[in-house]
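In the numbering used here, the protein residues as written are 1192 to 1556. Notes follow the structure.
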C-alpha cells in the first residue's frame, strides 16, 4: 500500500535518474480540453495514438483518460497500451506527473510536487487546476509507490533536466518566477531541488525559448544525452528570434562543469522555422475565459530538443520542415544504440508543447 514518507529523497539515499536510464514504462494523458485542443481534441488524439503505439513497441505505455472518452481511447489505442480512467484538467503528463526516484537497492519512490497550471492566477494557462494537482499522487497510488509530499513547492517536469549523477539544469525565467513559488528565496528554491531530486549542483540558465508560454521551460532548450553530454537547440542566423536565447545558453553551459567536475560536450541541433497558428487551426479552438487565448498568427516555440528518450529509441518531433531529417541524423549519431523514431507532432505544438511535454518516464530501479 502506497504511503506518504515524512523525509526527503536526499536524506533517504534516493535520486532522480536521467531520462536515458532504463524505464519501466511511460505515461500519457488523452487530450480533450476543447479550449486548448482544436476540433474537439480529435487531431491531437490521433497524434497521441501514434506516439503511444511507438512507445509500446519498446516499453510499457499507460494512457490516462476521462470517463467520457474512455471507450473511444480504448478502441483507438493498441491493445498493449494500458488505458486507465482518471479525472484531469488537461494533458501534458511530464509537467504535472510525479518525479520517480530510485536508490541502489532496487527501490523506487515518487515525489508529488505542487501544481498551479504554469503560473496560477498570475499568467497561468487555465483555471481551475485542482484535478491536475492530484495527478502525481494518483499515479503513485496506482503503481503502489511510496510518496514524498513536496506540494509546498511548485515544479513542472519540463522545467528541469537532470543527468542522474547530481546535476540539474533549470532556468531563472521559470523557476524564479513569482507566479510559481511567490517570494521564496533562490537559496530555498535550490534547497528544495537538492533535497527532493538529490542534486549536488544546479546550473541556472537565464531563460527559455521565445514564444514559450510555460515561462521558459528548459526541455525546449537542452537535454542530457548521457552524463557530461548535452544536446542543445540551435540557430545560426543572428536575426532569428531564438538566436540570442540559445547563444546565451550555449555560453553558460560552455563555461560550466557538472556535479562530477566534467566540462560539457555540447551538440547543437538546429531548430525548424518558427511555426504560426493558421486561421483554420485557430477556428477549431473553443473560446474560453478560463484558458489562455490562442490567436491566428500566434508564434510557437518549436524544437527537436523536445524529444523523448525511451528504452531502445528516441521519439523525435517532426514539422514538415527542411531541418527534420538533419535533426534525426544528428540524434542518430548521439544515440547509436537506439532507434530514431520521427513523428509528425505539429498538432501538439499548436497547444504549446511536444513529445517530451506529453510523456512521463517511469524509471526502472
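In this text, a Cβ means the ideal position worked out from N, Cα and C, and glycines have one as well.
Tell me the rounded alpha-carbon separation between residue 1340 and residue 1516.
Looking up residue 1340 in the chain shown gives position 149. Looking up residue 1516 in the chain shown gives position 325. Rounded to the nearest angstrom, the two C-alpha atoms are 43 Å apart.
For residue 1199 and residue 1206, I'd like the C-alpha separation in whole angstroms.
Counted from its first residue, the chain shown places residue 1199 at position 8. Counted from its first residue, the chain shown places residue 1206 at position 15. Taking the straight line joining both Cα atoms gives about 10 Å.
Under 8 Å Cβ to Cβ from residue 1416, same chain only, skipping five residues before and after it: list those, please.
In the chain shown, residue 1416 corresponds to position 225, counting from 1. Excluding sequence neighbours, residue 1416 sits near 1211, 1422, 1458, 1525 and 1526.
What span of residues does the alpha helix (DSSP H) with residue 1386 cover, start to end?
For this step, residue 1386 is matched to residue 195 along the chain shown. Taken as a continuous stretch (DSSP letters only), the alpha helix (DSSP H) holding residue 1386 covers 1377 to 1388.
Out of 1465, 1555 and 1273, point me to the one whose CA is closest to residue 1502's CA.
As a first step, residue 1502 is located in the chain shown; it is residue number 311 there, counting from the start. Of the listed residues, the one whose Cα sits closest to residue 1502 is 1555.
Go ahead and label residue 1408 buried or exposed: buried means 16 or more other beta carbons lie within 10 angstroms of its beta carbon, across all protein chains shown.
Reading the chain shown from its first residue, position 217 is the one you call residue 1408. Its Cβ being crowded by 16 or more others within 10 Å, residue 1408 is buried.
The alpha helix (DSSP H) with residue 1436 in it runs from where to where?
Here residue 1436 refers to the residue found at position 245 when the chain shown is read from its first residue. Per DSSP, residue 1436 belongs to the alpha helix (DSSP H) from 1434 to 1445.
Which residues DSSP lists as bridging residue 1490, in chain order
For this step, residue 1490 is matched to residue 299 along the chain shown. 1467.
For residue 1231, count the other beta carbons within 10 Å of its own beta carbon; 16 or more makes it buried, fewer makes it exposed. Which is it?
The residue you call residue 1231 lines up with position 40 of the chain shown. By the 10 Å Cβ count, residue 1231 comes out exposed.
Counting along the chain, where does the alpha helix (DSSP H) carrying residue 1235 start and finish?
What you label residue 1235 is simply residue 44 of the chain shown in a count that begins at 1. Unbroken alpha helix (DSSP H) run through residue 1235: 1233 to 1247.
With DSSP run on the structure shown, which of helix, strand or coil describes residue 1423?
In the chain shown, the residue the question calls residue 1423 occupies position 232. DSSP places residue 1423 in strand when its eight states are reduced to three.
Count the other CB atoms within 10 Å of the CB of residue 1287; is the residue buried (16 or more) or exposed (fewer)?
One-based indexing of the chain shown puts residue 1287 at position 96. When all chains shown are included, residue 1287 counts as buried.
Can you tell me whether residue 1368 is buried or exposed, with buried defined as 16 or more other CB within 10 angstroms of its CB?
What you label residue 1368 is simply residue 177 of the chain shown in a count that begins at 1. Classification for residue 1368: buried.
Quick one: give me the first and last residue of the alpha helix (DSSP H) that residue 1548 is part of.
Position 357 of the chain shown, counted from the start, is the residue given in the question as residue 1548. Residue 1548 -> alpha helix (DSSP H) spans 1546 to 1549.
Between the CA atoms of residue 1274 and residue 1193 - distance to the nearest angstrom
Reading the chain shown from its first residue, position 2 is the one you call residue 1193. Reading the chain shown from its first residue, position 83 is the one you call residue 1274. Looking at the two C-alpha atoms, the distance is approximately 21 Å.
Contact between the segment 1448 to 1468 and the segment 1353 to 1361 is defined here as three or more beta-carbon pairs at a separation below 8 Å; is this criterion met?
yes
Minimum C-alpha distance to residue 1226 - residue among 1511, 1472, 1488 and 1499
Against the chain shown, residue 1226 aligns to sequence position 35. The residue with the shortest Cα to Cα distance from residue 1226 is 1472.
Residue 1504 (DSSP reduced to helix, strand or coil):
As a first step, residue 1504 is located in the chain shown; it is residue number 313 there, counting from the start. Reduced to three states, the DSSP call for residue 1504 is strand.
Between the Cα of residue 1338 and those of 1312, 1315, 1303 and 1365, spot the shortest distance and give me the residue it belongs to.
What you label residue 1338 is simply residue 147 of the chain shown in a count that begins at 1. Residue 1338 has its Cα closest to that of 1303, out of 1312, 1315, 1303 and 1365.
Which value, in whole angstroms, describes the spacing of the CA atoms of residue 1438 and residue 1446?
Working through the chain shown from its first residue, we reach residue 1438 at position 247. Working through the chain shown from its first residue, we reach residue 1446 at position 255. The straight-line gap from Cα to Cα measures roughly 12 Å.
Flag this pair as touching only if the segment 1292 to 1312 and the segment 1252 to 1267 have three or more C-beta atom pairs under 8 Å; answer yes or no.
no
Let me know if residue 1506 comes out buried or exposed under the rule of 16 or more other beta-carbons within 10 Å of its beta-carbon.
In the chain shown, residue 1506 corresponds to position 315, counting from 1. It is buried - the Cβ of residue 1506 has at least 16 other Cβ atoms within 10 Å.
Rounded separation between residue 1531 and residue 1242 - CA only
Residue 1531 sits at position 340 when you count from the first residue of the chain shown. Residue 1242 sits at position 51 when you count from the first residue of the chain shown. Approximately 13 Å between the Cα atoms of the pair.
Based on the DSSP secondary-structure assignment, which residues constitute the bridge partners of residue 1462?
The sequence position of residue 1462 within the chain shown is 271, counting from 1. DSSP output for residue 1462 lists no bridge partner at all.
Exposed or buried, what is residue 1480 when buried is set at 16 or more other beta-carbons lying within 10 Å of its beta-carbon?
Position 289 of the chain shown, counting from 1, holds the residue named residue 1480. Residue 1480 is exposed by the Cβ-count criterion.
Distance, residue 1469 Cα to residue 1487 Cα
In the chain shown, counting from the first residue as 1, residue 1487 sits at position 296. In the chain shown, counting from the first residue as 1, residue 1469 sits at position 278. Near 5 Å, if we compare the C-alpha coordinates of residue 1469 and residue 1487.
Taking residue 1295 as the reference, which of 1269, 1204 and 1348 has the closest Cα?
Working through the chain shown from its first residue, we reach residue 1295 at position 104. That would be 1204, whose Cα lies nearest to the Cα of residue 1295.
Ordered along the chain, which non-local residues of its own chain (more than five positions away) have a Cβ less than 6 Å from that of residue 1220?
Position 29 of the chain shown, counting from 1, holds the residue named residue 1220. Cβ within range, chain order: 1255, 1279, 1282 and 1284.
Could you tell me if residue 1464 is buried or exposed, where buried requires 16 or more neighbouring beta carbons within 10 angstroms of its beta carbon?
Within the chain shown, the letter at position 273 stands for residue 1464. By the neighbour-count rule (16 or more Cβ atoms within 10 Å), residue 1464 is not buried but exposed.
When you compare only the Cα positions, how much space is there between residue 1245 and residue 1374?
Looking up residue 1245 in the chain shown gives position 54. Looking up residue 1374 in the chain shown gives position 183. Going by the C-alpha atoms only, they are around 42 Å apart.
Residue 1521 to residue 1196 span [Cα, whole Å]
As a position in the chain shown, residue 1521 is number 330, starting the count at 1. As a position in the chain shown, residue 1196 is number 5, starting the count at 1. Each residue's Cα considered, the two are about 43 Å apart.
Bounding residues of the alpha helix (DSSP H) (the contiguous stretch that carries residue 1369)
Stepping through the chain shown from its first residue, residue 1369 is reached at position 178. That run of the alpha helix (DSSP H) goes 1369 to 1372.
Residue 1513: buried (16+ other C-beta within 10 angstroms of its C-beta) or exposed?
In the chain shown, counting from the first residue as 1, residue 1513 sits at position 322. Residue 1513 comes out exposed.
Whole-number beta carbon distance between residue 1492 and residue 1400, since they are thought to touch under 8 Å
In the chain shown, residue 1400 corresponds to position 209, counting from 1. In the chain shown, residue 1492 corresponds to position 301, counting from 1. Between residue 1492 and residue 1400 the Cβ distance is about 4 Å, and since that is below 8 Å, they are a contact.
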